[in-house]
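*Asks:*
4 protein chains.
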Amino acid sequence: MPDDSQMPQEPQGDDALPSGLAAPYVLHRRIRFGESDAARIAYTGFFPQYALEAIEDWFDVWGGADWYVINSHEGWGTPFVHISLDIEAPLIPPETAAFQVWLDKVGTSSMHFRVEAFRANGQKSFTCRAICVTARSNAGAMKSIPIPDRLRARIDAYRRACGMDDT
Amino acid sequence: MPDDSQMPQEPQGDDALPSGLAAPYVLHRRIRFGESDAARIAYTGFFPQYALEAIEDWFDVWGGADWYVINSHEGWGTPFVHISLDIEAPLIPPETAAFQVWLDKVGTSSMHFRVEAFRANGQKSFTCRAICVTARSNAGAMKSIPIPDRLRARIDAYRRACGMDDT
Amino acid sequence: MPDDSQMPQEPQGDDALPSGLAAPYVLHRRIRFGESDAARIAYTGFFPQYALEAIEDWFDVWGGADWYVINSHEGWGTPFVHISLDIEAPLIPPETAAFQVWLDKVGTSSMHFRVEAFRANGQKSFTCRAICVTARSNAGAMKSIPIPDRLRARIDAYRRACGMDDT
Amino acid sequence: MPDDSQMPQEPQGDDALPSGLAAPYVLHRRIRFGESDAARIAYTGFFPQYALEAIEDWFDVWGGADWYVINSHEGWGTPFVHISLDIEAPLIPPETAAFQVWLDKVGTSSMHFRVEAFRANGQKSFTCRAICVTARSNAGAMKSIPIPDRLRARIDAYRRACGMDDT
Chain A
0 MPDDSQMPQE PQGDDALPSG LAAPYVLHRR IRFGESDAAR IAYTGFFPQY
50 ALEAIEDWFD VWGGADWYVI NSHEGWGTPF VHISLDIEAP LIPPETAAFQ
100 VWLDKVGTSS MHFRVEAFRA NGQKSFTCRA ICVTARSNAG AMKSIPIPDR
150 LRARIDAYRR ACGMDDT
Chain B
0 MPDDSQMPQE PQGDDALPSG LAAPYVLHRR IRFGESDAAR IAYTGFFPQY
50 ALEAIEDWFD VWGGADWYVI NSHEGWGTPF VHISLDIEAP LIPPETAAFQ
100 VWLDKVGTSS MHFRVEAFRA NGQKSFTCRA ICVTARSNAG AMKSIPIPDR
150 LRARIDAYRR ACGMDDT
Chain C
0 MPDDSQMPQE PQGDDALPSG LAAPYVLHRR IRFGESDAAR IAYTGFFPQY
50 ALEAIEDWFD VWGGADWYVI NSHEGWGTPF VHISLDIEAP LIPPETAAFQ
100 VWLDKVGTSS MHFRVEAFRA NGQKSFTCRA ICVTARSNAG AMKSIPIPDR
150 LRARIDAYRR ACGMDDT
Chain D
0 MPDDSQMPQE PQGDDALPSG LAAPYVLHRR IRFGESDAAR IAYTGFFPQY
50 ALEAIEDWFD VWGGADWYVI NSHEGWGTPF VHISLDIEAP LIPPETAAFQ
100 VWLDKVGTSS MHFRVEAFRA NGQKSFTCRA ICVTARSNAG AMKSIPIPDR
150 LRARIDAYRR ACGMDDT
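If you read the protein sequences in the order shown, they are chains A, B, C and D.
Its first residue numbered 0, the first sequence is counted upward by one per residue in numbering that gives the first Met the number 0.
Its first residue numbered 0, the second sequence is counted upward by one per residue in numbering that gives the first Met the number 0.
Its first residue numbered 0, the third sequence is counted upward by one per residue in numbering that gives the first Met the number 0.
Its first residue numbered 0, the fourth sequence is counted upward by one per residue in numbering that gives the first Met the number 0.
1. What residues match up with Gln99 (chain A) in a beta bridge as DSSP calls it?
2. Taking 8 angstroms as the CB-CB cut-off, is Ile86 (chain D) touching chain C?
3. Counting C-beta neighbours from all protein chains within 10 Å, is the total for Gly62 (chain B) 16 or more, i.e. buried, or is it exposed?
4. Drop a sphere of 10 angstroms on the beta-carbon of Ala21 (chain D), count the other beta-carbons inside from all chains shown, and report buried for 16 or more, exposed for fewer.
5. Using a Cβ-Cβ distance under 8 angstroms, would Tyr49 (chain A) count as near chain G?
6. Using a C-beta cutoff of 8 angstroms, does His111 (chain D) count as contacting chain C?
7. At a Cβ cut of 7 angstroms, what residues of the region 29–60 of chain B count as close to chain A, listed as they run along the chain?
8. May I ask whether a heavy atom of the ligand PLP can be found less than 7 angstroms away from the beta carbon of Gly62 (chain C)?
9. By the criterion of Cβ-Cβ separation under 7 angstroms, what are the contact partners of Trp66 (chain C) in chain A?
10. So that I know if they touch, is there some Cβ in chain C lying closer than 8 angstroms to that of Val80 (chain D)?
11. For the beta strand (DSSP E) holding Ser83 (chain A), just list the boundary residues, first then last.
12. Can you have a look at Gly76 (chain C) and say buried or exposed, based on whether 16 or more other CB atoms are within 10 angstroms of its CB?
13. How about Ile30 (chain A) and Ile91 (chain A): are their beta carbons less than 8 angstroms apart?
14. Using a C-beta cutoff of 8 angstroms, does Asn120 (chain B) count as contacting chain A?
15. Between Ala129 (chain A) and His72 (chain A), which are expected to be in contact by the criterion C-beta below 8 angstroms, what is the C-beta distance as a whole number of angstroms?
16. Taking Cβ to Cβ, would you say Glu34 (chain D) is nearer than 8 angstroms to Phe45 (chain D)?
17. Go through its chain and collect everything with a Cβ distance to Gln48 (chain D)'s Cβ below 7 angstroms, but skip five positions before and after it.
18. To be precise: take each residue of the region 90–116 of chain C, compare its Cβ to all Cβ atoms of chain A, and keep it if any distance is under 8 angstroms. Which residues remain?
19. Which residues in the same chain have their Cβ closer than 8 angstroms to the Cβ of Asn137 (chain A), if we skip the five residues on either side of it in sequence?
20. Anything in chain B within Cβ reach of Ser71 (chain D), meaning under 7 angstroms, just list it in chain order.
21. Excluding the 5 residues preceding and the 5 following Cys161 (chain D) in the sequence, name in chain order all residues of the same chain whose CB lies nearer than 6 angstroms to its CB.
22. Specify, as a first and last residue, the run of the alpha helix (DSSP H) that Ile69 (chain A) falls within.
23. Cβ atoms of Pro93 (chain D) and Ala41 (chain D): under 8 angstroms apart, would you say?
24. Could you compute how far the alpha carbon of Tyr157 (chain A) sits from the alpha carbon of Met163 (chain A)?
25. Spatial neighbours of Leu150 (chain B) within its chain, please: C-beta separation below 8 angstroms, excluding the five flanking residues on both sides.
26. So Gly76 (chain C) contacts chain D; which residues on that side make the cut at Cβ distance below 7 angstroms?
27. Measure the C-alpha to C-alpha separation of Ser124 (chain C) and Met110 (chain D) and round it to an integer number of angstroms.
28. Which residues of chain C have a Cβ atom closer than 9 angstroms to the Cβ of Ser136 (chain D), listed in chain order?
29. Between which residues of its own chain and Trp57 (chain A) is the CB-CB distance below 6 angstroms, once the five residues before and five after are set aside?
30. With a cut-off of 8 angstroms, does the C-beta of Glu9 (chain B) fall near any C-beta of chain A?
31. Select from B:Arg159, B:Ala37, B:Ala15 the residue whose C-alpha is nearest the C-alpha of Lys104 (chain B).
32. What is the DSSP secondary structure of Trp57 (chain C), reduced to helix, strand or coil?
33. So, is Ala96 (chain C) buried or exposed, given that buried needs 16 or more other C-beta atoms within 10 angstroms?
34. Have a look at the DSSP bridge pairing and note the partners of Cys131 (chain B).
35. With a threshold of 8 angstroms between beta carbons, is Ser18 (chain B) in contact with chain A?
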């Protein structure tokens with residue numbers, strides 16, 4: 000369950016930056032019964048999906064670059080080249096876990112995300128590191144492109160809001 | 000789509016080791032339309048699930064320890080503490096990809112798997128490293144246990160079949 | 000994205016009925032990029048899952064019977080015996096669709112749900128009808144039981160809140 | 000797990016009909032640990048996906064119309080307008096269930112599928128009825144088209160192989 004209080008104030012025009020949003024971005028999401036397995040904890044195979052959902056929301060809310068729109072209508076995307084998870088504790092339905100999004104490092108085309116997942120009781124569940132690159136997408140044939148200016152401006156705004164340096 | 004030719008000859012008794020199985024174990028699995036996304040490639044969020052399916056099959060075919068059975072009926076499981084993916088190329092339906100399972104390192108309670116994913120044309124898609132530990136499972140409260148003897152004997156048999164040293 | 004404004008005021012004691020909740024219950028949920036397919040609409044295979052998520056939330060918020068808790072700790076569940084969907088329009092990321100839950104008919108052990116799914120623009124996407132029965136659960140061997148009194152009281156409260164007759 | 004023995008002999012040219020395939024088409028597919036839930040049976044939300052996988056395979060093997068290819072490259076698809084399931088018994092990992100595909104009725108643009116799901120022990124698990132229509136697809140705006148001749152020829156061949164009348 001995303002925190003609706005963080006839903007974007009729509010920016011005015013392409014250059015407007017998000018304002019008034021809490022940082023870091025946190026996706027609050029219920030762990031579902033259908034995601035539990037016979038061990039009666041959420042199946043590990045869903046953990047990367049939780050992290051990617053949080054990053055997807057970040058792109059929409061802060062990045063101004065919804066994955067569906069950029070891939071379907073603008074001819075570019077953000078394919079992932081690396082994903083890793085270090086898991087400390089299970090997630091158990093029906094808890095609502097918190098997925099906190101950090102943007103640790105940004106290169107010419109690459110964005111290094113870190114998602115910290117917390118259980119409802121505050122315990123750390125996992126840390127996910129995920130690196131994506133901006134790329135022209137064409138059904139599998141991808142060619143990296145520099146991060147578009149509009150997105151970079153928003154990345155910088157996010158990192159400032161998180162108390163980090165500009166890229 | 001598991002390669003049915005690799006389905007297990009059921010061992011006679013607990014101590015029988017699998018024989019006549021190809022090594023390394025390879026899961027052949029079709030990439031499904033429902034797993035593609037609007038970028039017209041398989042959604043990255045499913046990649047860890049593909050790797051886990053291959054490892055699940057390894058546990059069944061070679062390990063003699065089906066996840067459902069050990070978690071539901073025997074009170075133990077193999078929770079994952081680390082999963083990482085390095086992604087080189089997309090997977091695209093309806094190709095049947097090959098997921099090759101290696102067991103790089105084995106500790107007292109830990110098993111370090113590596114899954115190499117190949118596209119239908121032989122191109123590497125990704126490498127997944129995944130570490131699990133044998134543990135008593137009790138809905139989230141887990142306590143690691145040494146790898147059971149029966150499983151260790153099968154691990155050793157697998158590593159020998161792969162041309163690797165005993166653990 | 001569930002409508003957080005509808006999250007439950009926790010009832011005081013087993014017999015307390017929910018109050019102050021909007022009726023009918025509506026799950027507001029974002030359609031995710033990973034749920035789109037190469038046709039650039041949400042894959043139909045996820046539609047029943049959306050409907051079941053709405054019903055799952057109903058059981059938690061209104062029914063006071065979380066699926067995880069009743070299945071894992073109380074020895075009963077609500078297995079589904081029928082699910083049908085009539086589909087009128089696709090769902091397309093990143094829209095937030097609304098899944099409205101109705102409880103059309105209730106028998107001794109059976110609950111006939113109807114979930115009406117609406118696109119962000121108000122258009123009907125699909126109607127799902129789903130019938131579940133209350134049953135002792137034991138890993139596949141199920142035996143129907145009468146709807147527990149506590150749940151029935153809440154069913155009646157819900158139907159009253161929706162302007163319907165008691166069961 | 001599709002039955003690899005049923006993988007298609009590639010037809011020679013567009014007009015070649017499949018031959019030597021078993022009918023009805025049966026998808027043999029392992030029920031996965033990650034598909035089980037805390038009730039220790041496969042989560043009902045996956046049942047429609049199993050049925051759709053069987054139909055997807057039918058389209059590939061018998062229909063000569065892979066969903067990914069027709070949607071991504073040929074500008075048409077087979078959107079579903081109705082799906083229903085009547086469920087008689089659970090599916091439980093690690094069993095390999097059988098999903099038998101029947102094509103009960105065919106109209107100008109519509110195909111009425113029926114998928115009979117059987118447990119490993121032969122017990123019926125569920126019957127799924129699913130109706131799709133051939134349509135020009137354009138990201139949500141769909142317009143039905145008559146079933147293409149090539150597909151209809153294959154439909155007729157399939158129904159004959161199943162001992163049914165031509166459409």
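By construction, the Cβ of each residue, glycine as well, lies at the ideal position given by its N, Cα and C atoms.
*Replies:* From the atom records:
1. A:Val25, A:Glu115
2. yes
3. buried
4. exposed
5. Of the protein chains in the structure, A, B, C and D, none is chain G.
6. no
7. Ala37, Ala38, Arg39, Ile40, Thr43, Gly44, Pro47, Gln48, Leu51
8. Ligands in the displayed structure: none, and consequently the ligand PLP is not present.
9. Phe32
10. yes
11. 79–86
12. buried
13. yes
14. no
15. Contact flag wrong, Cβ pair sits at about 24 angstroms.
16. yes
17. none
18. Ile91, Pro92, Pro93
19. Gly74
20. Arg39
21. Ala22, Pro23
22. 66–72
23. no
24. 8 angstroms
25. Gly62, Gly63, Ala64, Thr133
26. Ala38
27. 21 angstroms
28. Ala38, Arg39, Ile40
29. Tyr24, Val100
30. Any reading at Glu9 (chain B) must be qualified, since the residue scores a pLDDT of 42, below 50, and its modelled position is unreliable; no value is offered.
31. B:Arg159
32. helix
33. buried
34. B:Phe79, B:Met110
35. no
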